[in-house]
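Please read the structure below before turning to the comments.
Protein chains: 2
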Amino acid sequence: MAITDQPLGKRARQRAQTEAEILRVAREHLAIEGAAALSLRAIARDLGMVSSGLYRYVDSRDDLLTRLIVDSYRSLAAAVQAAHDAVDPTDLDGRWVAIGLALRRWALDRPHDFALIYGSPVPDYEAPDESTVEAGTQVLALLLRLVQDAADQHRLVLLAPSPEAARAVGAMLDDPFFAEVTIGATMLARSLSAWTLLLGAVTSEVFLQLGPVPDAAALFGLQLDVAGSLILLPAQPSTGLSTAVFTA
Amino acid sequence: MAITDQPLGKRARQRAQTEAEILRVAREHLAIEGAAALSLRAIARDLGMVSSGLYRYVDSRDDLLTRLIVDSYRSLAAAVQAAHDAVDPTDLDGRWVAIGLALRRWALDRPHDFALIYGSPVPDYEAPDESTVEAGTQVLALLLRLVQDAADQHRLVLLAPSPEAARAVGAMLDDPFFAEVTIGATMLARSLSAWTLLLGAVTSEVFLQLGPVPDAAALFGLQLDVAGSLILLPAQPSTGLSTAVFTA
DNA sequence: GCTCAAGAGTGAGCACCGCTCTTGATTCTT
DNA sequence: AAGAATCAAGAGCGGTGCTCACTCTTGAGC
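The following block contains the structure:
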């Protein structure tokens, strides 16, 4: 059993440095052209070596992407954690807002990294604005109409999730992942929804295909509010959306 | 001014048929291997022609993807519309549920098409389960902790979105897209949040990287409920989440 | 009916890609 | 000093999108 962190030999040090440089250049390319265009040959060119040499350090293109993804996850987690920790722990609203804003900021600053993590499909393709958004907003329009009907019938308050659904999620709490969580099933459910809503809001801003959004930042702030409303009681009485609805 | 839908000549008919076949084969490949692996050469091979011949019908690979996307949008809109229309128009909850379930069903049946529309980034890469999900769930864990803190302080009810945010969204209503919408800014805001939450719930189920989810369907049902609660008043008194929270 | 331009399909070729394998040089270990 | 491990290079395979010159066919206008 050797002492593992011996003074590294020349070889090992060189290797570590090359490995780091590969990741650095890869990240550069990623930031500029996106993951779809990430090419091992191009990276090798930038490093002044031949493409086959890269395979001493990287198993495959997918392997390289994996490392970049893990890296991005860490970067995101760190950024959000830092923003969160900078807030007075008793200021719950402030903490929620800090998390949301940090996530958004991080995503907007590195859309490709965000896409690497939370996106999924086609290379770096961007949908043209003509017929696609028209068809894409159709369901939204349908939803708006439904809402309008609801408004006509004065049925605009909060519906409680069905007991069945809440019960089903209770089973999730048995998972080891939630071992230390002591909140109940209902609050877990609301937390997941808040997380989904937050992530969805950021995603839609990063890959805007939501329709006409004149003020994306304001819209995000609103989504952040709504998402926060799923898990936080207001510190002081408010005249915002939920209150207005409940007094109607 | 020629009558445009003259009896098509043999040539035009042949062309239309070839065009349709290209799309058909492309859709097949897309369903099997995903958008990243979609290759014009492979499509040409399947069609028994040489790859360069495809360029008589398609400007480029991206052009083909565009057509597939538009197609997918239409297919999705049609499926959802159909499910929605099959419900009694006065049953608002039923309509909301129908929309949500139809969207989910469509997405789960054609994950690649869904990804084509609502996804974004890296080819068809799938993140390994080791360190990535650990880092990926870190923010969620942070959120859960915040919620726990909130529970400790008995602050678990709905926060109203800030008046500023609601006001900002009011500006959106000036956009031509919302010309026929007569609902107010606050309800529009809630509608958008509901839409975001619905889409996020489907996305997370299709590209599951959410952590341990023993019963995805139940979780979706819950998200659907929460999202619906943003826009619908319950038809009858309920003992679900929101109610429980408000009586606490 | 003939002509002739437009359309459809071919095949070669360019520049790129991921990835493998052999070969020779360098370094580390024993 | 000898042997083992590592590294970089180069050639090469099969694949990609896309272009271009080239035939052959077809159909519309005179």
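Listed in order, the protein sequences are those of chains A and B. Last residue of the first sequence: number 248 in the working numbering, and the count goes up by one each step with no gaps. Last residue of the second sequence: number 1248 in the working numbering, and the count goes up by one each step with no gaps. We put the CB at the ideal spot given by N, CA and C, even for glycine. Predicted model only: the values in this text are computed from it and were never measured.
- Message: Here's the rule I'm using: 16 or more other beta-carbon atoms within 10 Å means buried, otherwise exposed. How should Val1050 (chain B) be labelled?
- Response: On the second sequence, residue 1050 (chain B) is found 50 positions in, with the first residue counted as 1. Under this definition Val1050 (chain B) is an exposed residue.
- Message: For Ala1037 (chain B) and Asp91 (chain A), I'd like the C-alpha separation in whole angstroms.
- Response: Your numbering for residue 1037 (chain B) matches position 37 in the second sequence. Your numbering for residue 91 (chain A) matches position 91 in the first sequence. Using only the alpha carbons, I get a separation of about 48 Å.
- Query: Cβ of Leu1108 (chain B) within 9 Å of Cβ of Leu1199 (chain B)?
  - Reply: The sequence position of residue 1108 (chain B) within the second sequence is 108, counting from 1. The sequence position of residue 1199 (chain B) within the second sequence is 199, counting from 1. Taking 9 Å as the Cβ cut-off, Leu1108 (chain B) and Leu1199 (chain B) do not qualify as a contacting pair.
- Item | Backbone CA spacing between Asp88 (chain A) and Gly94 (chain A) [nearest angstrom] | Working through the first sequence from its first residue, we reach residue 88 (chain A) at position 88. Working through the first sequence from its first residue, we reach residue 94 (chain A) at position 94. The straight-line gap from Cα to Cα measures roughly 8 Å.
- Of the residues B:Glu1019, B:His1029, B:Thr1018, which one's Cα is nearest the Cα of Arg1110 (chain B)? The sequence position of residue 1110 (chain B) within the second sequence is 110, counting from 1. For the residues B:Glu1019, B:His1029, B:Thr1018, the minimum Cα distance to Arg1110 (chain B) belongs to B:His1029.
- Query: So what's Gly249 (chain A) in DSSP terms, helix, strand or just coil?
  - Reply: With chain A covering only 1 through 248, there is no way to say anything about residue 249 (chain A).
- Task: Can you give me, in chain order, the residues of the region 1195-1209 of chain B that have a beta carbon less than 7 Å from any beta carbon in chain A?
- Result: Trp1195, Thr1196, Leu1197, Leu1199, Gly1200, Ala1201, Ser1204, Phe1207
- Message: For Val1226 (chain B), would you say it is in contact with chain A, using Cβ-to-Cβ distances shorter than 9 Å as the test?
- Response: Counting from one through the second sequence, the residue named residue 1226 (chain B) turns up at place 226. At least one chain A Cβ lies under 9 Å of Val1226 (chain B).
- So which residues of chain A does Ser1060 (chain B) contact, with C-beta pairs closer than 8 Å? Here residue 1060 (chain B) refers to the residue found at position 60 when the second sequence is read from its first residue. Within 8 Å Cβ-Cβ: nothing; Ser1060 (chain B) doesn't reach chain A, min ~11 Å.
- chain B within 9 Å of Ser39 (chain A), Cβ atoms only: Within the first sequence, residue 39 (chain A) is the residue found at index 39, counting from 1. No, Ser39 (chain A) does not count as interfacial toward chain B.
- Query: Beta-carbon of Gln1223 (chain B) versus every beta-carbon of chain A: anything under 9 Å?
  - Reply: Along the second sequence, one-based indexing puts residue 1223 (chain B) at 223. Answer yes: the Cβ-Cβ gap between Gln1223 (chain B) and chain A drops below 9 Å somewhere.
- Task: Taking the CB atoms as reference points, tell me whether Thr1196 (chain B) and Ser75 (chain A) lie closer together than 9 Å.
- Result: Position 196 of the second sequence, counting from 1, holds the residue named residue 1196 (chain B). Position 75 of the first sequence, counting from 1, holds the residue named residue 75 (chain A). Against a cut-off of 9 Å, the Cβ pair of Ser75 (chain A) and Thr1196 (chain B) comes out as no contact.
- Item | Alpha carbon of Asp1061 (chain B) to alpha carbon of Leu54 (chain A), nearest angstrom | Taking the second sequence and counting its residues from 1, one reaches residue 1061 (chain B) at position 61. Taking the first sequence and counting its residues from 1, one reaches residue 54 (chain A) at position 54. According to the sequence as given, residue 1061 (chain B) is Arg; it is not Asp. Arg1061 (chain B) and Leu54 (chain A): Cα-Cα distance of roughly 29 Å.
- Query: Are any of the Cβ atoms in chain A nearer than 9 Å to that of Leu1219 (chain B)?
  - Reply: Here residue 1219 (chain B) refers to the residue found at position 219 when the second sequence is read from its first residue. It does; some Cβ of chain A falls within 9 Å.
- Message: Beta-carbon within less than 7 Å of Ala1026 (chain B)'s beta-carbon, same chain only, minus the 5 sequence neighbours each way: which residues are those?
- Response: In the second sequence, the residue the question calls residue 1026 (chain B) occupies position 26. Taken in chain order, the residues that qualify are Leu1038, Ile1043, Leu1064, Leu1068.
- Query: Along chain B, which residues have their Cβ under 7 Å away from the Cβ of Ser193 (chain A)?
  - Reply: In the first sequence, the residue the question calls residue 193 (chain A) occupies position 193. Correct list: Leu1197, Gln1223, Val1226.
- Nearest candidate by alpha-carbon position, reference Ala1031 (chain B), set B:Gln1081, B:Ala1083, B:Glu1021, B:Leu1116: One-based indexing of the second sequence puts residue 1031 (chain B) at position 31. Measuring from the Cα of Ala1031 (chain B), the nearest candidate turns out to be B:Leu1116.
- Going by other Cβ atoms of all chains shown within 10 Å of its Cβ, with 16 needed for buried, is Ser1052 (chain B) buried or exposed? Your numbering for residue 1052 (chain B) matches position 52 in the second sequence. It is exposed - the Cβ of Ser1052 (chain B) has fewer than 16 other Cβ atoms within 10 Å.
- Residue burial classification, Ala1194 (chain B) (beta-carbon count within 10 angstroms, cutoff 16): In the second sequence, residue 1194 (chain B) corresponds to position 194, counting from 1. Looking at its Cβ environment, which holds 16 or more other Cβ atoms inside 10 Å, Ala1194 (chain B) is buried.
- Message: Within a Cβ cutoff of 8 Å, which residues of the same chain sit near Arg15 (chain A), ignoring the five residues on either side of it in sequence?
- Response: Working through the first sequence from its first residue, we reach residue 15 (chain A) at position 15. Closer than 8 Å at the Cβ level, and outside the excluded window around Arg15 (chain A), lie Tyr57.
- Starting from Asp1085 (chain B), trace the alpha helix (DSSP H) both ways and give me its first and last residue. Here residue 1085 (chain B) is taken as the residue at index 85 of the second sequence, counted from 1. From DSSP, the alpha helix (DSSP H) with Asp1085 (chain B) extends over 1061-1085.
- Message: Going by DSSP, what residue range makes up the alpha helix (DSSP H) through Tyr118 (chain A)?
- Response: Within the first sequence, numbered from 1, the residue matching residue 118 (chain A) stands at position 118. Looking at the DSSP string, the run of the alpha helix (DSSP H) that includes Tyr118 (chain A) is 111-118.
- Are the C-beta of Ala1086 (chain B) and some C-beta of chain A separated by less than 9 Å? For the purposes of this step, residue 1086 (chain B) is taken as residue 86 along the second sequence, with counting starting at 1. With 9 Å as the cut-off, Ala1086 (chain B) does not count as an interface residue toward chain A.
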